[in-house]
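Asks:
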Amino acid sequence: MSLPTTTHRVEFVRHPHPGFPHLTAWGIRIDGTDLRALVAEATRELWSQELDGDGGRDDDTQEEREAFLLGQHAPLHLEDDADGALARAHFLGDAPQHLRDHNTGALCLLSCPCGIDACWPLLASVRVTPTEVTWSAFHQPHRKQWGELPLGPYVFPRPAYDEALATPTHLDQDPLAAAPAED
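Every number in this note's numbering is 576 more than the matching position in the sequence shown, counting from 1.
This is how it looks when you write it as structure tokens:
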């Protein structure tokens, strides 16, 4: 007997890329939380061990550390995707070769803030069936010692997933961008 599966809600958001405002980025929210915030929490202890170890950056303030954790990834930019067709294909498992791990087939869900996807991607296994889409086995390919991140698996009902991809939320800026200071 299999255990009941907890399903999640996904929302795709489109906005100007945080580092390259002339480009459009695809962000992701899971159950209302930006995927980058979920990754920040999942990697907090891993980064702490690395940054506070020998030669680490232990002089960072808590605010600087939080900014670092939230800013380690950027939303995904997909070339020439004005109509969203590339995003729909990508997030349904048909990602371009440069946005997938050639050994495992894992897809890039988040990119590096520098604009080069392979520099610091967040990868995950994406399994698509007629009834659901599952994201699992999240990992950072440049930190093999971290192994699988404590994130997910996330199971999304396929009809809701398809609808979220077809009707992304359009925003004027990255939702994690700093709000302008008030006078």
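No residue lacks a Cβ here, since even glycine has one placed at the ideal position from N, Cα and C.
1) Taking the straight line between their C-alpha atoms, what separation do you get for Q716 and L683?
2) Taking the continuous alpha helix (DSSP H) assigned at S624, which residues delimit it?
3) Taking C-beta to C-beta, are V615 and L747 nearer than 9 Å?
4) Return the Cβ separation of R734 and T710 in integer angstroms, given the expectation that the two are a contact with Cβ distance under 8 Å.
5) Taking C-alpha atoms, which residue in A661, Q638, T583 and A694 lies nearest to H674?
6) In the DSSP assignment, the alpha helix (DSSP H) including E708 goes from what residue to what residue?
7) For R605, tell me which candidate among H584, S624 and F596 has the shortest Cα-Cα distance.
8) Pull the bridge partners of L686 from the DSSP assignment, please.
9) Three Cβ pairs or more, each shorter than 8 Å: is that satisfied between the stretch 589-600 and the stretch 616-630?
10) Within the stretch 724-748, note down every full beta strand (DSSP E) run reaching 3 residues or more, in order along the chain.
11) Are there 16 or more other CB atoms within 10 angstroms of the CB of P651, so buried, or fewer, so exposed?
12) If I follow the unbroken alpha helix (DSSP H) through A671, where does it start and stop?
13) Could you give the distance in angstroms between the alpha-carbon of F732 and the alpha-carbon of Q638?
14) Following the continuous alpha helix (DSSP H) through A643, name the residue where it begins and the one where it ends.
15) I need the straight-line Cα distance from A601 to C688, nearest angstrom please.
16) Let me confirm a value: D607 is counted as buried when at least 16 other C-beta atoms fall within 10 Å, else exposed. Which label applies?
17) For the beta strand (DSSP E) containing P592, name the first residue and the last one.
Replies: Looking at the coordinates:
1) In the sequence shown, residue 716 corresponds to position 140, counting from 1. In the sequence shown, residue 683 corresponds to position 107, counting from 1. One C-alpha to the other measures close to 11 Å.
2) On the sequence shown, residue 624 is found 48 positions in, with the first residue counted as 1. Per DSSP, S624 belongs to the alpha helix (DSSP H) from L611 to D628.
3) Locating residue 615 in the sequence shown gives position 39, counting from the first residue. Locating residue 747 in the sequence shown gives position 171, counting from the first residue. No, they are not a contact pair.
4) Mapped onto the sequence shown, residue 734 falls at position 158. Mapped onto the sequence shown, residue 710 falls at position 134. Incorrect: roughly 10 Å between the Cβ atoms, too far for contact.
5) Reading the sequence shown from its first residue, position 98 is the one you call residue 674. Checked all of A661, Q638, T583 and A694; the closest Cα to H674 is A694.
6) Counting from one through the sequence shown, the residue named residue 708 turns up at place 132. First-last for E708: E708 to H715, but that is the beta strand (DSSP E), not the alpha helix (DSSP H).
7) Counting from one through the sequence shown, the residue named residue 605 turns up at place 29. Looking at the Cα atoms, H584 is the closest of the given residues.
8) If you number the sequence shown from 1, residue 686 lands on position 110. Bridge partners of L686: L698.
9) no
10) 730-733
11) The count along the sequence shown starts at 1 and reaches residue 651 at position 75. So P651 ends up on the buried side.
12) Position 95 of the sequence shown, counted from the start, is the residue given in the question as residue 671. First-last for A671: undefined, no H or E at that position.
13) As a position in the sequence shown, residue 732 is number 156, starting the count at 1. As a position in the sequence shown, residue 638 is number 62, starting the count at 1. When rounded, the distance between both Cα atoms is 34 Å.
14) Along the sequence shown, one-based indexing puts residue 643 at 67. Run containing A643: Q638 to L646, per the alpha helix (DSSP H) assignment.
15) Indexing the sequence shown from 1 puts residue 601 at position 25. Indexing the sequence shown from 1 puts residue 688 at position 112. If I take the Cα positions, the gap works out to 12 Å.
16) As a first step, residue 607 must be located in the sequence shown, where it is residue number 31. So D607 ends up on the exposed side.
17) For this step, residue 592 is matched to residue 16 along the sequence shown. Residues V586 to P592.
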